[in-house]
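Numbering (the numbering used here), first residue to last: 4 to 404.
Heads up: the structure comes next, in structure tokens.
What follows is the structure, encoded as structure tokens:
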């Protein structure tokens, strides 16, 4: 077991050492007694604020996307009005969480958003994604993002989303598609998003180019998450090499570059985050061959901010014929992950349950684990040596001595 001695903020230094006319589809919640009791006061607050605000200038897109895009453009009042004008009769958690973040001075709206969350600290994964692809890709060393010249995927998603319907832009040209690419909604299955494009003539592309490298493609996917209250969270994204998290409350702020599953093993894909209550937009850039499956899951950090996994290998303990124990090896690499947003300082290991056979060498050794880090902690074990008092007697013809 590991004993944390003290925790310091992550920034502390010591000498010790994100074509259809809708965007993200939103899942509906079954009303409960709590949500029904808070819905009335919340809608009264919505009507009051809406009556005093400016009319919505963007009613063709979803309320969530409109509010984020307008706030990104610096029109916060328009962002509020476009969201509130379409909240009547709706129970989508993301919309009410967004309204609560935009209007912190309205406790009735915040109370209804909290009731919609229930006992959940956050939404585990996006209920729907917007996907743009497939796009050609190069090798890792010379790879580039086709959306970079358009301000990046998130800015293009805000400005050119549903371009065929809004008249903004004409899509993105790709060597892999005869028509320009546009954002299209995709629903995950049990939290897992399947990326594939059955309309693409993959076989014809391979025959035409004479090589299979054309099957290696990239794409962008954007989904929304909501957090009920401020706290520490962990985001685990698998099957994707690049993940960016944008705060809907401040969409112009630089995104958080998250740990992603670069090598496809899943071991280093968990990111530890300190998040405020509100809505976040997750932008993923997967690399794949024809098709792939990706998954992102947000959860509250474990109590204590630390998790310990079983080691991959253990030393052998041999028992000799005379009953003595011999340890072969003795080094254990113990995986310790910091799931909190602060440093874990001065951790020590303690061995329990096997005092009669093993001992922990250097029990006073300490180590630190950074926020989100998975560290292999080396532990040295040894066989205990005991001194036993023996009484030896000898016999002679004359008797016992």
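Heads up, the beta-carbon is just placed ideally off N, CA and C, and yes, glycines get one too.
When the Cα atoms are used, what is the spatial distance from residue i to residue j?
i, j, result
"residue 334", "residue 317", "8 Å"
"residue 126", "residue 315", "32 Å"
"residue 368", "residue 295", "44 Å"
"residue 209", "residue 138", "15 Å"
"residue 371", "residue 350", "6 Å"
"residue 346", "residue 313", "22 Å"
"residue 179", "residue 258", "29 Å"
"residue 121", "residue 310", "26 Å"
"residue 72", "residue 78", "9 Å"
"residue 65", "residue 110", "24 Å"
"residue 207", "residue 293", "13 Å"
"residue 253", "residue 87", "18 Å"
"residue 45", "residue 265", "43 Å"
"residue 305", "residue 149", "38 Å"
"residue 385", "residue 324", "20 Å"
"residue 256", "residue 211", "44 Å"
"residue 94", "residue 377", "39 Å"
"residue 299", "residue 326", "51 Å"
"residue 158", "residue 273", "25 Å"
"residue 89", "residue 53", "10 Å"
"residue 184", "residue 39", "42 Å"
"residue 181", "residue 202", "10 Å"
"residue 154", "residue 160", "10 Å"
"residue 107", "residue 133", "29 Å"
"residue 221", "residue 328", "56 Å"
"residue 70", "residue 152", "24 Å"
"residue 177", "residue 142", "17 Å"
"residue 162", "residue 214", "36 Å"
"residue 74", "residue 355", "56 Å"
"residue 147", "residue 114", "45 Å"
"residue 105", "residue 248", "19 Å"
Anyone know if the C-beta pair for residue i and residue j falls short of 8 Å?
i, j, result
"residue 196", "residue 189", "yes"
"residue 112", "residue 48", "yes"
"residue 246", "residue 282", "no"
"residue 116", "residue 103", "yes"
"residue 128", "residue 194", "yes"
"residue 234", "residue 263", "no"
"residue 278", "residue 230", "yes"
"residue 261", "residue 238", "yes"
"residue 287", "residue 331", "no"
"residue 275", "residue 374", "yes"
"residue 353", "residue 366", "yes"
"residue 140", "residue 219", "yes"
Nearest to residue i by alpha carbon, out of the options?
i, options, result
"residue 83", "92, 200, 98, 93", "98"
"residue 225", "181, 191, 213", "191"
"residue 302", "119, 250, 343, 263", "343"
"residue 156", "285, 386, 239, 263", "285"
"residue 187", "136, 241, 329, 100", "136"
"residue 223", "252, 213, 236, 175", "175"
"residue 380", "341, 304, 307", "341"
"residue 96", "105, 386, 213, 118", "118"
"residue 289", "355, 185, 199, 184", "199"
"residue 338", "248, 85, 382", "382"
"residue 232", "362, 40, 101", "101"
"residue 426", "364, 221, 280, 142", "Residue 426 is absent from the model: the chain starts at 4 and stops at 404."
"residue 321", "308, 67, 173, 361", "361"
"residue 236", "242, 307, 214, 251", "307"
"residue 67", "51, 50, 251", "251"
Considering only DSSP beta bridges, list what residue i is partnered with.
i, result
"residue 202", "Answer is none; residue 202 lacks a bridge partner."
"residue 336", "381"
"residue 124", "None, per the DSSP bridge assignment."
"residue 341", "309"
"residue 188", "133"
"residue 386", "361"
"residue 175", "184"
"residue 139", "220"
Using a C-beta cutoff of 8 Å, does residue i count as contacting chain D?
i, result
"residue 322", "Absence of chain D from the displayed structure is noted, only one protein chain being present."
Enumerated in chain order, which unbroken segments of the beta strand (DSSP E) with a length of 3 residues or greater are wholly contained in the region 290 to 331? 290 to 292, 295 to 303, 309 to 311, 319 to 322, 328 to 331
To test your reading of the DSSP string, which unbroken beta strand (DSSP E) runs of 3 or more residues are found completely within the region 221 to 281? 234 to 241, 246 to 250, 273 to 278
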